[in-house]
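So for the sequence shown, my numbering puts the first residue at 772; every next one is plus one.
Note that CB positions come from ideal geometry on N, CA and C, so glycine has one too.
Because the structure is a prediction, the values reported are computed rather than measured.
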Amino acid sequence: MAISTLEAEAPVHGVPVVPFEVQHDHLLDDARELMLRVFPGWAAGDLVLKENSGGITNKLVRCVNRRENLTVLIRAYGRNTEIIIDRGMELANMAGLASQGVCPPVYARFANGLVYGYIPGTVPSPEEMGSAALAPLIARKLAEWGQISLPGDRTPQLLPTLRRWLQDIPACYGDARKDAVFREHFSLDMLRSELAAVEQLAAAAESPVVFAHNDLLSGNIVLSASGDAVSFIDYEYATYNYRGFDIANHFNEYAGFECDYSRYPAKDAQLAWFRAYLEHIGLDASPAALERMHREVALLRPASHYYWGVWALVQAAISDIDFDYLDYARLRFAKYFEDKAQLQPML
């Protein structure tokens, strides 16, 4: 049985708190025990649990109660991820989104994670996100997200987040291979210098501030069974932020974790995407407006590479997930410099 460091508390944002910790090395057993605490009327024999693979931040378990015909998800946070993710903001966002019908209910918070509702459907591949059938659905849904109003600070969080993360990159990883890779490709001075370049690009983009998902990769998109609607999941990085950053980040995710940026949408595909976005919420979608949005998104494309590159450098120090974060950071920064150089005529 897992021992929790979380004391029994009153509900947070209306979400019950369960003093229990799910250990990664006893994931399914602990998740089953947690379910019986969150839902005292459930019986262990009715539950079917399976780990969902593919994530590089947390551990995720899907639990099906066959008797109740209900599926819920148990997310056990990755080790030390509170260093890079504001878990209090995440819970507040999820509770606020659930109250507006944007996401499923949050059933419980536990010491190192959350229990929340499951959205049925299929997850597209990175290659499928840009298809003629799926791209406009995603554009319209992201436009709706940009209209969401939640309480709290509406300052764009791109630069404050990056400043915090830079402080969490270690001077030494304590691992010979990691330290060698870092020294070969990075330096703290370079990272700080390039943050000023990101700030310059963000200012030049003149992008509206919206409620942004900030992590709209294929695994966070669910296509309905009917194929005519999408939902977004996983709100760990959601904040108020620059619209152009959220869109550029989504386009960058066409490349997948292997970083095949030949998949980045061509300009005509981007303009069609922008038209679907703008028309859905009644904004100007004239040719001039589409060109302005193209510039806005292009200028913030390098910021997405910098963001996830710095994120990966922090994760390389704290995560126990089997993923080569330093190599991922290397790939993202290589593309950051390439894209930044191409944007000089726009500045």
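Is the separation between the beta-carbon of residue i and that of residue j shorter than 8 Å?
i	j	result
residue 1013	residue 861	no
residue 1068	residue 1019	yes
residue 807	residue 813	yes
residue 1089	residue 850	yes
residue 982	residue 916	yes
residue 900	residue 890	no
residue 1074	residue 929	yes
residue 896	residue 1033	no
residue 833	residue 818	no
residue 1048	residue 911	yes
residue 856	residue 1085	no
residue 1110	residue 1076	yes
residue 1081	residue 913	no
residue 1087	residue 1096	yes
residue 879	residue 783	no
residue 1101	residue 956	yes
residue 875	residue 859	no
residue 843	residue 886	yes
residue 906	residue 1044	yes
residue 1063	residue 980	no
residue 881	residue 789	yes
residue 768	residue 793	Look at the range of the chain in this structure, 772 to 1118, and you will see that residue 768 is not part of it.
residue 872	residue 996	no
residue 867	residue 921	yes
Please name the residue or residues paired with residue i in a DSSP beta bridge.
i	result
residue 981	1012
residue 834	820, 843
residue 1002	993
residue 783	786
Considering residue i, what are the terminal residues of the alpha helix (DSSP H) in which it resides?
i	result
residue 880	From DSSP, residue 880 is part of no alpha helix (DSSP H) but of the beta strand (DSSP E) over 877–881.
residue 1068	1058–1089
residue 1044	1038–1051
residue 971	959–976
residue 1025	From DSSP, residue 1025 is part of no alpha helix (DSSP H); its letter is neither H nor E.
residue 795	Unbroken run through residue 795: none, as it is neither H nor E.
residue 1099	1096–1113
residue 954	947–956
Mind reading off the beta-carbon distance from residue i to residue j? Whole number of angstroms is fine, and I expect it under 8 Å.
i	j	result
residue 1042	residue 1117	The Cβ separation is near 16 Å, so there is no contact.
residue 894	residue 992	7 Å
residue 976	residue 945	Going by Cβ atoms, the distance from residue 976 to residue 945 rounds to 38 Å, so no, they are not a contact pair.
residue 795	residue 847	6 Å
residue 799	residue 820	5 Å
residue 1008	residue 986	4 Å
residue 852	residue 829	7 Å
residue 723	residue 1099	Because residue 723 is not part of the residues shown, which for the chain are 772 to 1118, the question remains open.
What are the complete beta strand (DSSP E) segments, minimum 3 residues, inside the stretch 856–938? Runs of the beta strand (DSSP E) inside the stretch 856–938: 877–881, 884–888.
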